[in-house]
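J.:
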Amino acid sequence: MLSKSLKILVALGLSIIVFNYCNTLDYFDKNKEQSDRLITSISKLKLINSLSLLEKKANSMLDKDFKTVIDKSIIAPSRNKNDYTSRAIYYWPKDNLKKNSTKDEIWEYVDGKVNKESLIETDHNNYYEVLGAIKTLALSFHLFQEDKYAEKTVELIKNWFINKKTRMNPHFNYAQAIPGKNSGTPSGIIDARGVLWVVDAVNLISKSTYWNDNLDLEFRQWTEKLFEWLLKSDFGIRESQAKNNHGTFYDLQIIKLSSFLGEYSIAENYIDSVKINRIAHQIEPNGFQTEEMKRTKSNMYAVFNLSALLEIATIARTYEHDLWNYKAKDSGSIKDAVDYLLSNADYKNQSDTKNLLRILPKANELSGGKYNKVINKIKSE
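Heads up, the sequence shown is in this note's numbering, so the first residue is 1431 and it goes up one at a time.
1) Opposite residue 1379 in the DSSP bridges: which residues?
2) Do you know offhand how far residue 1637's Cα is from residue 1670's?
3) Based on the DSSP output, what are the partners of residue 1517 in its beta bridges?
4) Taking only the alpha-carbon atoms, compute the straight-line gap between residue 1517 and residue 1608 and give it to the nearest angstrom.
5) Looking at chain E, is there any beta carbon in it that lies within less than 8 Å of the beta carbon of residue 1695?
6) Quick check: the Cα distance between residue 1797 and residue 1791, rounded to an integer number of angstroms?
7) Of the choices 1691, 1715, 1681, 1543, whose alpha-carbon is the least far from that of residue 1699?
8) Is it true that the region 1711 to 1718 meets the region 1644 to 1655, where meeting means three or more beta-carbon pairs spaced less than 8 Å apart?
9) Report the residue from 1654, 1557, 1763, 1764 whose alpha carbon sits nearest the alpha carbon of residue 1620.
10) Do you know how far the Cα of residue 1629 is from the Cα of residue 1690?
11) Would residue 1504 and residue 1512 qualify as a contact pair, given that the criterion is a beta-carbon distance under 8 Å?
12) In the DSSP assignment, the beta strand (DSSP E) including residue 1538 goes from what residue to what residue?
13) Residues in its own chain within less than 8 Å of residue 1615 by CB, not counting five upstream and five downstream?
14) If I measure Cβ to Cβ from residue 1730 and keep anything under 7 Å in the same chain, skipping five residues before and after, which residues do I get?
15) In angstroms, rounded to a whole number, what distance separates the CA positions of residue 1763 and residue 1805?
16) Find the nearest neighbour of residue 1485 within the set 1539, 1578, 1748, judged by alpha-carbon distance.
17) Sort 1675, 1635, 1640, 1683 by Cα distance to residue 1626 and report the nearest one.
18) For residue 1541, does the count of other Cβ atoms within 10 angstroms reach 16, so buried, or fall short, so exposed?
19) What's the gap between the Cα of residue 1807 and the Cα of residue 1521?
20) Tell me the residue span of the alpha helix (DSSP H) that contains residue 1704.
21) Where does the unbroken alpha helix (DSSP H) through residue 1499 begin, and where does it stop?
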């Protein structure tokens, strides 16, 4: 019987690490010895191709100079370059004014239309590029056991979370700002989900010679400060009250960070609250997700929200909570929400099927292999 702490580490990223290369699903089970792999619904040839692509991608990152939080042209109102900044992605300047103007009330909301230009001068793109690289490199070290991947992973973690000169301050006060209206919004906390990838990466490289107790302590101290900010700040409290995917991802962040930091009672309380605050509120008896399906890109957001619910359900199992099957009197379950999307998917539409592949691995594991056939169907078409 695994101890609670070990079981939680398994759920935090060692149980199943899922990557999608060339529309291929790779499963790596870490419940056994670290070198063991459980490969589900995948041919040997496709696995080899996927691992080759992963290795190639990781190798391309080894000599790359990644930017830090201080490498940006738009600085937060605090005038502190270490404060993360980003702009709300669906806000656009009115046509008759310059795109980079910040005069009052000139930016307007267009749901589903990403303003890529507004992200260039902030931390947004650099942040996600680095955190994506950390995830890829850590997995590469774990699978290929080559120190060069761990060395680069540690370099990036140190640059963003440990080194005093270049590390990001542990808050998101200036995330998803709306020019001319505010300097940040509670919705910007959705960007904090990227930190969870780093938590997974730390677990994967923990046995590397490049990771040590001092680095581990410093990273945990940084995450503790972020955790406190999420729980107690005005933005954190307001984001916790969001009814849609923002609220779900907030819960995931609290559950995963509290588990990582050993605050198990907090994690369990939030897991329990997900039953009413998320599942009961968000999922209709037939699996329809009310909050997400009203969006312009409804299927994308339904999958996005489910990805958080499925990760929460995976962690919840270590606390002996079954969120996969849970449903309130007048609601559906996470399982129902997955089945609804599958029954309404256009399997000839690659965008639809690629979207489904983001949630099917964890759904398959939580269901005991129920979705093997549909995974094979998607991959064969």
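Note that CB positions come from ideal geometry on N, CA and C, so glycine has one too.
Quick caveat, the model's predicted, so the values are computed rather than measured.
T.: Taking the definition as stated:
1) The chain is shown from 1431 up to 1811; residue 1379 falls before or after that span and cannot be answered.
2) Their Cα atoms are separated by approximately 35 Å.
3) Under DSSP, residue 1517 forms a beta bridge with 1607.
4) Computed Cα separation, rounded: 6 Å.
5) The structure shown contains no chain E, having only a single protein chain.
6) Rounded to whole angstroms, residue 1797 to residue 1791 spans 10 Å at the Cα level.
7) Looking from the CA of residue 1699, the closest CA among 1691, 1715, 1681, 1543 belongs to 1681.
8) The region 1711 to 1718 is not in contact with the region 1644 to 1655.
9) Among 1654, 1557, 1763, 1764, the Cα nearest to that of residue 1620 belongs to 1557.
10) Distance between the alpha carbons of residue 1690 and residue 1629 is about 8 Å.
11) Cβ distance not < 8 Å, so residue 1504 and residue 1512 don't count as in contact.
12) It spans 1537 to 1539 - the beta strand (DSSP E) in which residue 1538 sits, taken as one unbroken run.
13) Scanning its chain for C-beta atoms nearer than 8 Å, with the 5 sequence neighbours on each side dropped, one finds around residue 1615 the residues 1518, 1605, 1606, 1607, 1608, 1665, in chain order.
14) Within the same chain, residue 1730 has close Cβ partners 1785.
15) Between residue 1763 and residue 1805, the C-alpha separation is close to 21 Å.
16) Of the candidates 1539, 1578, 1748, the one whose C-alpha sits nearest the C-alpha of residue 1485 is 1578.
17) Comparing Cα positions, the closest option is 1683.
18) Classification of residue 1541: exposed, given that the 10 Å Cβ count is below 16.
19) Using only the alpha carbons, I get a separation of about 38 Å.
20) Note, residue 1704: alpha helix (DSSP H), 1694 to 1704.
21) Taken as a continuous stretch (DSSP letters only), residue 1499 belongs to no alpha helix (DSSP H), as it is neither H nor E.
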